[in-house]
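Novice:
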Ligand SMILES: *Cc1c(COP(=O)(O)O)cnc(C)c1O
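Numbering (this note's numbering), first residue to last: 3 to 372.
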């Protein structure tokens, strides 16, 4: 059994994709070709924003808005410690300081009640709080109604880390459309994954859109060889755009399947483990299906039993970011973010992808229920 099966899906789009690939081969437009333009307009329509700027990875999709907004040394950017390292890494790459906000125990997303406290901590450290980067963890959008209000109170702008949540929604709005700007990833294992690296940025702000397009190509001005600002090489290639265009045609169906599989898991496991809770009005893209054991010891036992039955499981995230060696310099210690620390000790993720069979879920649950 596979944790994420990327190969079954390939057969569904193979013919159409090969046609697109041949056209790219013959056109010679390998970078930012017509497929990239088509993809950007499709994605913007899907997410419901005026602009979509495709780029080379989810990491660059997070970094470029920070660069565009002039985030740098002396600035604090608030995010959660219970996420993939890239969320905080881009804050450091921009020269700013990550300041962490603990997550809610039921959604694993940023707790809006704790933002004010983190803002105070940032000010005490002599930093200027500028932006908030909520993460839509495992595919579930963060609480944007409350986060928007808190961000307004403290004059912060919001960058949504929608790397895991493309396809998810809240209050009828799709992930990627929250805050001033949203960033997603097309890493193969994400809900909408390419066959390589890729990402996209979404915004309704015309000025930000223009800045992002410049930063994507080395800070270009009127043409490629006039440089108005410091940028990066953040372009998406035409082959990846072709893959994503074809995957988009079956994406909504895959999301429905993920939801059905998550329901099947929860139905069988809810009396044995803490299963994910999706609040009313939200839809998860189910990038991961993560459950909580009662203790670290029980998690180890269950993961071992699964492994013996040939079933892969993973831990996202074993070490919260404030306790990672790379962030020693921030001066955090054990006990600073109790919810994230508790989750990292008990959480584990079960196989989740749209080609998982109901029989396989049955098999996985039988092992867990012992
Ligand atoms: C995957 C991921 C990223 C980074 O995306 P890449 O495309 O791998 O660079 C950022 N944030 C979160 C929460 C992610 O899961």
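Just so it is clear, CB atoms sit at the ideal spot from N, CA and C, and this is done for glycine as well.
Any chance the segment 181-194 sits against the segment 43-61, with 3 or more Cβ pairs inside 8 angstroms?
Specialist: As far as the Cβ criterion goes, the segment 181-194 touches the segment 43-61, which means the pair count is three or higher.
Novice: Is DSSP giving residue 210 helix, strand or coil here?
Specialist: For the purposes of this step, residue 210 is taken as the residue at position 208 of the chain shown. Helix at residue 210.
Novice: Would you mind stating whether residue 408 and residue 107 have Cβ atoms separated by less than 8 angstroms?
Specialist: Residue numbering for the chain in the displayed model covers 3 to 372; residue 408 lies beyond these limits and cannot be assessed.
Novice: Contact defined as beta carbons within less than 8 angstroms: I believe residue 171 pairs with residue 131. What is the distance between those atoms, to the nearest angstrom?
Specialist: Start at 1 with the first residue of the chain shown, and residue 171 comes out as number 169. Start at 1 with the first residue of the chain shown, and residue 131 comes out as number 129. About 29 angstroms; that fails the 8 angstroms criterion.
Novice: State the Cα-Cα distance for the pair residue 47 and residue 333, rounded to the nearest angstrom.
Specialist: Start at 1 with the first residue of the chain shown, and residue 47 comes out as number 45. Start at 1 with the first residue of the chain shown, and residue 333 comes out as number 331. Looking at the two C-alpha atoms, the distance is approximately 43 angstroms.
Novice: Measure the CB-CB distance between residue 246 and residue 84 and report whether it falls below 8 angstroms.
Specialist: Counting from one through the chain shown, the residue named residue 246 turns up at place 244. Counting from one through the chain shown, the residue named residue 84 turns up at place 82. The answer is no: Cβ separation not under 8 angstroms.
Novice: If you follow the beta strand (DSSP E) that residue 302 is in, where does it begin and where does it stop?
Specialist: Walking along the chain shown from the start, residue 302 turns up at place 300. Premise fails: residue 302 lies in the alpha helix (DSSP H), 298-310, not in any beta strand (DSSP E).
Novice: So is residue 226 buried or exposed if we call it buried at 16+ other beta carbons inside 10 Å?
Specialist: To locate residue 226, count along the chain shown from 1; it is residue 224. Residue 226 should be labelled exposed.
Novice: Taking the C-alpha atoms as reference points, what is the distance between residue 203 and residue 53?
Specialist: Taking the first residue of the chain shown as 1, we reach residue 203 at position 201. Taking the first residue of the chain shown as 1, we reach residue 53 at position 51. Rounded to the nearest angstrom, the two C-alpha atoms are 8 angstroms apart.
Novice: Is residue 88 a contact residue of ligand 1, with contact defined as CB to any heavy atom under 7 angstroms?
Specialist: Residue mapping note: residue 88 aligns to position 86 of the chain shown, counting from 1. Within the cutoff, so yes.
Novice: Tell me which residues share the same chain as residue 317 and place their Cβ nearer than 6 angstroms to its Cβ, disregarding the 5 neighbours each side in the sequence.
Specialist: Counted from its first residue, the chain shown places residue 317 at position 315. These residues qualify, in order along the chain: 350.
Novice: Should residue 241 go down as buried or exposed, given a rule of 16 or more other Cβ atoms within 10 Å for buried?
Specialist: Residue mapping note: residue 241 aligns to position 239 of the chain shown, counting from 1. Under this definition residue 241 is a buried residue.
Novice: Can you tell me where the beta strand (DSSP E) holding residue 131 begins and where it ends?
Specialist: Translated into the one-based positions of the chain shown, residue 131 becomes position 129. Looking at the DSSP string, the run of the beta strand (DSSP E) that includes residue 131 is 130-135.
Novice: Any heavy atom of ligand 1 closer than 7 angstroms to the CB of residue 166?
Specialist: Here residue 166 corresponds to residue number 164 of the chain shown, with the count starting at 1. Correct: residue 166 has its Cβ closer than 7 angstroms to ligand 1.
Novice: Considering just the uninterrupted stretch of the beta strand (DSSP E) at residue 161, what are its terminal residues?
Specialist: Locating residue 161 in the chain shown gives position 159, where the first residue counts as 1. Start and end: 159-163.
Novice: Do residue 129 and residue 160 have their C-beta atoms within less than 8 angstroms of each other?
Specialist: As a position in the chain shown, residue 129 is number 127, starting the count at 1. As a position in the chain shown, residue 160 is number 158, starting the count at 1. No.
Novice: May I ask which residues mark the beginning and end of the beta strand (DSSP E) holding residue 291?
Specialist: Taking the chain shown and counting its residues from 1, one reaches residue 291 at position 289. Taken as a continuous stretch (DSSP letters only), the beta strand (DSSP E) holding residue 291 covers 291-294.
Novice: Check for me: the beta strand (DSSP E) holding residue 55 runs from which residue to which?
Specialist: Translated into positions along the chain shown, residue 55 becomes position 53. Run containing residue 55: 53-57, per the beta strand (DSSP E) assignment.
Novice: What is the C-beta distance between residue 286 and residue 140, in whole angstroms, given that I count them as a contact (C-beta under 8 angstroms)?
Specialist: Taking the first residue of the chain shown as position 1, residue 286 is located at position 284. Taking the first residue of the chain shown as position 1, residue 140 is located at position 138. That pair is a contact at about 7 angstroms.
Novice: Are the beta-carbon atoms belonging to residue 15 and residue 359 less than 8 angstroms from one another?
Specialist: Counting from one through the chain shown, the residue named residue 15 turns up at place 13. Counting from one through the chain shown, the residue named residue 359 turns up at place 357. No; because the gap between Cβ atoms is not below 8 angstroms, this pair is not in contact.
Novice: Assuming residue 78 and residue 102 are in contact, meaning their beta carbons sit under 8 angstroms apart, how far apart are those beta carbons, in whole angstroms?
Specialist: Here the question's residue 78 lines up with position 76 in the chain shown. Here the question's residue 102 lines up with position 100 in the chain shown. The Cβ separation is near 10 angstroms, so there is no contact.
Novice: Quick check on this structure: which residue in 212, 169, 335, 72 has the alpha carbon closest to the alpha carbon of residue 253?
Specialist: Within the chain shown, numbered from 1, the residue matching residue 253 stands at position 251. Closest by alpha carbon: 169.
Novice: For residue 214, does the count of other Cβ atoms within 10 angstroms reach 16, so buried, or fall short, so exposed?
Specialist: One-based indexing of the chain shown puts residue 214 at position 212. Buried: at least 16 other Cβ atoms inside 10 Å.
Novice: Does residue 331 come out as helix, strand or coil in the three-state DSSP assignment?
Specialist: Here residue 331 corresponds to residue number 329 of the chain shown, with the count starting at 1. Three-state DSSP puts residue 331 in a helix.
Novice: Quick one: does the C-beta of residue 163 sit closer than 7 angstroms to a heavy atom of ligand 1?
Specialist: Along the chain shown, read from residue 1 onward, the residue named residue 163 stands at position 161. Residue 163: yes, Cβ under 7 angstroms from ligand 1.
Novice: Reducing DSSP to helix, strand and coil, say where residue 202 ends up.
Specialist: Taking the chain shown and counting its residues from 1, the one referred to as residue 202 is at position 200. If DSSP states are grouped into helix, strand and coil, residue 202 belongs with the strands.
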